[in-house]
Amino acid sequence: MCGRTACSLGADNLRRACAYRDRRGRRRQPEWIRAERYRPSYNKGPQSSGPVLLSRRHLQQDADSSERVLMDMRWGLVPSWFKKDDPSKMQFNTSNCRSDTMLKKSSYKGALLKGKRCVVLADGFYEWQQHSGGKQPYFIYFPQSKDAMAEGKEADEEWRGWRLLTMAGIFDCWEPPSGGETLYTYTIITVDASKDVSFIHHRQVRAGKGAAGRMPAILDGDEAIRKWLDFAEVPTQEAVKLIQPTENIVFHPVSTFVNSVRNNAPECLAPIELGAKKEVKATPSSKVMLGWLKNSQEGSPQKKENDLPRWTSQFIHSPSPKKSSADILQQWLGKEGEPAAKKHKA
């Protein structure tokens, strides 16, 4: 399942990171709808709001269905047919939607058949590994390509920041029976966990039977994103073929600080060193990054948009080459440890 994510980019940078090419091959950035409602966070849980991409035609009937917009929606789908005045009175959890039942369950089937497909954006997501001493959280994200480590100037049109994780979702619009503002909500589609993260998702079920864990359905590359969003050109039965597990992800262990959804700080996703017996070991760079993250918060409980780390890679690029978690962190953390002046020369 997917029960916690991070999306730390500010509204303007998030828009830049979601650049795409339209039908004519022109580079475009999606327009924000109600950008003032978006709040970056290192620790988002269900019932909080988060950024999603969707086709503009959902909001404007005569719009090109391939045109994208950004919108802040609440996590946890409320079906349009829900009749009570208070969505919190729903008796079932809709933060995740299983891929094998999404065309069967009434909560999702209607919205999916109407083309209400969206892409949920995040730096990455968190998962917890069960062990004898408790639960160990991990941060899971896209590999970041080596050739995109160099920082560009603020005025550069091309984004050279963190490659956002793009998860397939379904959204719906709920109108209060007694009148009021329309509520936009979404669910994240889940699939069987890939081999790379299966050890995190391993479950022990009663009676000695095992069960595969779940992970978000990740859309890897702009072509997959285009097909998922363009509901007018790509029918439902074709689009659902995109919903498959992916091996193109990396991860690292993080502090149990992230366990509480109330904690919203860079420490949530900072790498930590586990015991010597663990597979993932910290590098000297991870210690540098942790110090940078802590120093960045002095005097402020949360970073301002301009102080957020400038991540690496391109949203618009094709799937990244597979790299080990250690390699990616070595580059990422090393870059953050360099002086600002030196980074601009890279």
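Per the working numbering, residue 5 is the first one in the sequence shown, and the count goes up by one each step. All C-beta atoms in this analysis are idealised placements derived from N, C-alpha and C, irrespective of residue type, glycine included.
Determine contact between the segment 262-270 and the segment 225-236, defined as no fewer than three beta-carbon pairs at a distance below 8 Å. Flag = no, the segment 262-270 and the segment 225-236 do not touch.
Can you round the beta-carbon distance between L74 and P34 to whole angstroms, since I take them to be within the 8 Å contact cut? In this structure L74 touches P34 by the C-beta definition: roughly 5 Å separates them, less than 8 Å.
For A236, which of helix, strand or coil comes out of DSSP? Reduced to three states, the DSSP call for A236 is coil.
According to DSSP, simplified to helix, strand and coil, what is G137? For G137, the three-state secondary structure derived from DSSP is coil.
Cβ atoms of T194 and R60: under 9 Å apart, would you say? Not in contact: R60 and T194 (Cβ atoms no closer than 9 Å).
Are K48 and T9 close, meaning C-beta to C-beta below 9 Å? Contact flag set, yes.
Taking only the alpha-carbon atoms, compute the straight-line gap between R30 and E71 and give it to the nearest angstrom. Taken atom to atom, the span from the alpha-carbon of R30 to that of E71 is near 11 Å.
When every heavy atom of the ligand NAD is checked, does at least one fall within less than 8 Å of the C-beta of E162? As far as ligands go, the structure on display features none, and thus does not contain the ligand NAD.
Note the first and the last residue of the continuous beta strand (DSSP E) segment covering G114. Judged by DSSP secondary structure, G114 falls outside any beta strand (DSSP E) and instead within the alpha helix (DSSP H) spanning S110 to L117.
Report the rounded CA-to-CA distance for C272 versus I174, giving the unit in angstroms. If I take the Cα positions, the gap works out to 27 Å.
DSSP three-state call for D4: helix, strand or coil? Summary: the structure shown does not reach residue 4, with the chain confined to residues 5 through 350, and so no result is reported for it.
Could you tell me which of P181, R218, P180 and G80 sits nearest to D196, measuring between CA atoms? Minimum Cα distance to D196 is reached at R218.
Which of helix, strand or coil DSSP assigns to R218: Looking at R218 - three-state DSSP - the assignment turns out to be strand.
Identify, in the order they occur along the chain, each residue of the same chain with its Cβ nearer than 7 Å to the Cβ of Y46, setting aside the five sequence neighbours on each side. For Y46, where only same-chain residues beyond five positions count, the Cβ hits under 7 Å are A10, S12, N268, A269, P270, C272 and L273.
With H, G and I counted as helix, E and B as strand and the rest as coil, what does DSSP make of C272? It is helical.
Are any of the Cβ atoms in chain C nearer than 9 Å to that of L63? Of the protein chains in this structure there is only one, and it is not chain C.
Please classify Q65 as buried or exposed, where buried requires at least 16 other C-beta atoms within 10 Å of its C-beta. Exposed is the call here.
Within a Cβ cutoff of 7 Å, which residues of the same chain sit near I144, ignoring the five residues on either side of it in sequence? Closer than 7 Å at the Cβ level, and outside the excluded window around I144, lie G128, F129, E131, V201, I253 and F255.
Let's see if you can read the secondary structure: which residues bound the beta strand (DSSP E) around A15? It is not in any beta strand (DSSP E) - A15 instead sits in the alpha helix (DSSP H) that spans A15 to A21.
Assign T105 to buried or exposed, taking buried as 16 or more other Cβ atoms, counted over all protein chains shown, within 10 Å of its Cβ. Exposed is the call here.
Shortest alpha-carbon distance to P91 belongs to which of W178, R32 and S52? Nearest of W178, R32 and S52 to P91, Cα basis: W178.
Which of helix, strand or coil DSSP assigns to E71: Here E71 sits in coil by DSSP.
List the whole-angstrom C-beta distance separating T170 from L223, where the pair is believed to meet the contact cut-off of C-beta under 8 Å. Here T170 really is in contact with L223; their C-beta atoms are around 5 Å apart, less than 8 Å.
The beta strand (DSSP E) enclosing G29, as first and last residue numbers: Neither: G29 is in no beta strand (DSSP E) and is coded neither H nor E.
Report buried or exposed for F96, applying the criterion of at least 16 other Cβ atoms within 10 angstroms of its Cβ. Under this definition F96 is an exposed residue.
When you compare only the Cα positions, how much space is there between E277 and R121? Whole-angstrom Cα-Cα distance: 39 Å.
Can you give me the Cβ contacts of Q133 inside the same chain, cut-off strictly under 6 Å, excluding the 5 residues immediately before and after it? Here the set comprises Q140 and I204.
What separation, rounded to the nearest whole angstrom, lies between the Cα atoms of L125 and S182? If you take the alpha carbons of L125 and S182, they lie about 32 Å apart.
Mind checking whether G54 and Y190 have CB atoms under 9 Å apart? Yes, these two residues count as a Cβ contact at 9 Å.
P50 and G80: beta carbons closer than 9 Å? Yes. Within cutoff.
How is K48 classed by DSSP in three states: helix, strand or coil? Three-state result, K48: strand.
According to DSSP, is I247 helix, strand or coil? It is coil, neither helix nor strand.
On the CB-based measure, 16 or more other CB atoms within 10 Å of its CB, does Q57 come out buried or exposed? Residue identity differs from the one stated: residue 57 is Leu in this sequence, not Gln. Buried: at least 16 other Cβ atoms inside 10 Å.
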